[in-house]
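Notes follow the structure.
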Amino acid sequence: MNLKYTTTRAGNDQVTSSQAILKGLGKDGGLYLPLSIPKVSIEEIGTFTNLTYNEKAMSIIGMFLTDFTEAELRHCIDNAYNEKTFTSPLITPLHMLDENSAVLELYHGPTSAFKDVALQILPYLLTTSAKMNDDDRTYVILVATSGDTGKAALEGFKDVPNTKILVFYPNDGVSMVQKLQMVTQLGDNVKVVAVEGNFDDTQNGVKELFSNTLLGKELNEKNYTFSSANSINWGRLVPQIVYYFESYAQLVKNKNIKLGDEINFTVPTGNFGNILAGYYAREMGLPIKRLICAANANDVLKDFINTGSYDRNRDFVKTLSPSMDILISSNLERLLYLLSDGDKSLISELMSNLKSEGSYRVSPELLSKLQSIFYSDSADDKDTIKTIKDMYESKNYLIDTHTAVAYRVYEKYVATTNDTSFNVIVSTASPYKFNGAVAEAVLPNYKDLDDMAQLKAINKITGVAIPDGLNGLDGKSVRFSDVIMKDDMEVTLKQYLNL
Ligand SMILES: *Cc1c(COP(=O)(O)O)cnc(C)c1O
Numbered sequence: 003m004n005l006k007y008t009t010t011r012a013g014n015d016q017v018t019s020s021q022a023i024l025k026g027l028g029k030d031g032g033l034y035l036p037l038s039i040p041k042v043s044i045e046e047i048g049t050f051t052n053l054t055y056n057e058k059a060m061s062i063i064g065m066f067l068t069d070f071t072e073a074e075l076r077h078c079i080d081n082a083y084n085e086k087t088f089t090s091p092l093i094t095p096l097h098m099l100d101e102n103s104a105v106l107e108l109y110h111g112p113t114s115a116f117k118d119v120a121l122q123i124l125p126y127l128l129t130t131s132a133k134m135n136d137d138d139r140t141y142v143i144l145v146a147t148s149g150d151t152g153k154a155a156l157e158g159f160k161d162v163p164n165t166k167i168l169v170f171y172p173n174d175g176v177s178m179v180q181k182l183q184m185v186t187q188l189g190d191n192v193k194v195v196a197v198e199g200n201f202d203d204t205q206n207g208v209k210e211l212f213s214n215t216l217l218g219k220e221l222n223e224k225n226y227t228f229s230s231a232n233s234i235n236w237g238r239l240v241p242q243i244v245y246y247f248e249s250y251a252q253l254v255k256n257k258n259i260k261l262g263d264e265i266n267f268t269v270p271t272g273n274f275g276n277i278l279a280g281y282y283a284r285e286m287g288l289p290i291k292r293l294i295c296a297a298n299a300n301d302v303l304k305d306f307i308n309t310g311s312y313d314r315n316r317d318f319v320k321t322l323s324p325s326m327d328i329l330i331s332s333n334l335e336r337l338l339y340l341l342s343d344g345d346k347s348l349i350s351e352l353m354s355n356l357k358s359e360g361s362y363r364v365s366p367e368l369l370s371k372l373q374s375i376f377y378s379d380s381a382d383d384k385d386t387i388k389t390i391k392d393m394y395e396s397k398n399y400l401i402d403t404h405t406a407v408a409y410r411v412y413e414k415y416v417a418t419t420n421d422t423s424f425n426v427i428v429s430t431a432s433p434y435k436f437n438g439a440v441a442e443a444v445l446p447n448y449k450d451l452d453d454m455a456q457l458k459a460i461n462k463i464t465g466v467a468i469p470d471g472l473n474g475l476d477g478k479s480v481r482f483s484d485v486i487m488k489d490d491m492e493v494t495l496k497q498y499l500n501l
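For our numbering, count along the sequence shown from 1 and bump the result up by 2.
Now the structure itself:
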């Protein structure tokens with residue numbers, strides 16, 4: 003059967019999964035999602051214990067992307083997840099902490115952050131969707147990045163036929179390691195440019211390019227079209243559902259839990275994509291009791307889940323877990339749609355309040371549904387460093403700042419609820435990616451060391467291997483050194499595309 007997709011808002015258009023991926027965002031501003039959620043029986047989940055990651059991905063992703071043939075899907079999945087792209091044969095391995103908890107390591111991809119799981123496959127889903135819809139244009143991926151997304155998108159789209167990718171980053175807004183990762187990027191279809199200004203300037207510049215109709219026309223004449231790699235695309239969400247099943251299957255296989263046992267997941271959350279994938283897994287039938295949403299000092303989601311009132315009117319805080327520094331969590335819109343049984347007029351109203359007032363409130367009924375599944379709390383920077391240090395000293399296990407926020411929130415959850423169900427901490431980045439805070443937690447002399455020296459010193463003291471992509475970054479040759487003014491972003495794009 004062909005699963006149809008609709009948007010969370012007013013429009014009634016129904017499209018196929020490949021069309022939803024190509025469109026990215028609905029014309030009404032809403033996000034695409036499937037009209038119904040496929041179900042998986044507990045017996046079928048039992049059979050997953052004998053399947054590889056890619057076989058599970060074939061099964062789960064295949065239930066959603068129903069207009070892809072088996073061969074098309076296999077092409078996408080096998081190109082995304084293999085021994086060249088992920089350093090673990092399990093793709094997303096589990097690390098046991100004790101008999102009640104484990105860490106799901108999502109950072110063994112090329113850029114050492116969890117975004118690789120989705121961005122390694124998105125380029126193939128996109129180009130396959132284009133082919134299926136007889137669209138022979140070259141897709142130009144424009145990205146404004148504050149760090150992780152840019153590099154993960156570059157690695158994903160590098161040398162993928164019929165695509166070109168241009169990444170803009172704020173000149174003073176990314177870490178040394180993140181900058182080195184991007185400016186040394188390989189591939190014939192990639193370009194990276196620094197923009198004077200902060201992240202907002204860069205992002206606004208990219209938004210202006212996307213909405214510039216004259217530019218769009220020029221692109222069309224040369225058989226180009228814009229696309230984006232950000233996390234509102236369904237093609238980024240659906241691959242993330244797989245690792246919830248993967249971790250459950252690993253736990254059953256290793257006899258840490260019994261088939262059918264309900265477990266919890268604690269997810270360090272920013273744009274709400276990762277944890278929403280967990281909600282989809284739960285709706286499909288994976289035995290998940292609670293989804294614990296961990297926030298940092300930007301605790302909009304904590305307040306929302308605890309009170310039903312979403313309010314972005316507050317100071318934006320720069321924290322040690324920058325990938326969670328977000329005041330508008332776009333994917334929450336999909337959850338509101340699902341919890342309200344697809345009430346499009348309600349979602350349109352809430353989102354229009356968010357735009358005009360910066361806030362909205364949901365009904366007590368919707369709030370109680372939300373709270374029956376989700377729990378949320380936050381951890382600040384001080385807690386984050388202390389958690390990394392404690393975890394390293396007590397369990398000899400090194401975690402990054404985002405994972406530390408999740409672990410601290412999990413501790414708070416257990417202390418308030420006494421729920422001792424098995425818990426999986428979702429780990430979203432290698433500790434080497436956010437070296438400053440990790441160095442502060444485990445190195446006595448961290449202040450005397452520059453970034454690359456910190457990586458080496460952390461490796462020396464902990465014995466944890468530095469990921470290939472980060473090792474020797476300072477010795478790689480810099481391919482991209484342009485620094486431009488914001489007003490020159492359009493010219494830069496045109497030069498790149500020979501327009
Ligand atoms: C993007 C990111 C997150 C947040 O994930 P969402 O899906 O946006 O909630 C958390 N940690 C790291 C390291 C990330 O890169």
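The C-beta atom is built at its ideal place from N, Cα and C for all residues, glycine as well.
- Considering only Ala22, Val185, Leu144 and Ile79, the residue with the shortest C-alpha distance to Val480 is Val185.
- Note on the segment 48-112: whole alpha helix (DSSP H) runs with a minimum of 4 residues are 55-66 and 72-82, in chain order.
- Per DSSP, Pro289 has no beta-bridge partner at all.
- No heavy atom of ligand 1 is found nearer than 7 Å to the CB of Ala104.
- When the Cα atoms are used, Ser332 and Ser19 turn out to be separated by approximately 20 Å.
- Here Val176 carries a coil assignment [DSSP, helix/strand/coil].
- Distance from the CA atom of Lys260 to the CA atom of Asn266, rounded to whole angstroms, is 14 Å.
- If the five residues before and after Leu24 are omitted, its C-beta is found closer than 6 Å to the C-beta atoms of Ser131, all from its own chain and listed in chain order.
- Checking the 7 Å criterion, the Cβ of Phe116 is within range of a heavy atom belonging to ligand 1.
- In the three-state DSSP reduction, Leu24 falls in the helix class (H, G or I).
- Thr309 and Val302 have their C-alpha atoms roughly 11 Å apart.
- Taking 7 Å as the cut-off, one finds no heavy atom of ligand 1 near enough to the beta carbon of Met491.
- Restricting attention to alpha helix (DSSP H) runs no shorter than 4 residues, the segment 382-457 encloses them at 383-397, 403-419 and 437-444, ordered along the chain.
- The beta-bridge partner set that DSSP reports for Leu221 is empty.
- The criterion of a C-beta distance shorter than 8 Å is satisfied by Leu372 and Ile307.
- Leu400 has its alpha-carbon roughly 8 Å from the corresponding atom of Thr464.
- Considering only Glu157, Asn315 and Val319, the residue with the shortest C-alpha distance to Asn300 is Val319.
- Here Asn225 has Asp138, Arg139 and Thr140 as same chain residues with Cβ atoms under 8 Å from its own Cβ, once five neighbours each way along the sequence are excluded.
- One thing to note: Lys58 has its Cβ within 8 Å of the Cβ of Glu248.
- Membership of Asn266 in the beta strand (DSSP E) is indicated by the continuous run Ile265 to Pro270.
- Each residue's CA atom was taken as its position, placing Glu74 and Tyr126 some 9 Å apart.
- Beta-bridge annotation (DSSP): Leu168 is paired with Leu144 and Lys193.
- With a beta-carbon spacing of about 10 Å, Val169 and Val197 fall beyond the 8 Å limit used to define contacts.
- Apart from the 5 residues on each side of it in sequence, Ala431 sits with its Cβ closer than 6 Å to the Cβ of Tyr109, Ala115, Asp402 and His404 in its chain, given in chain order.
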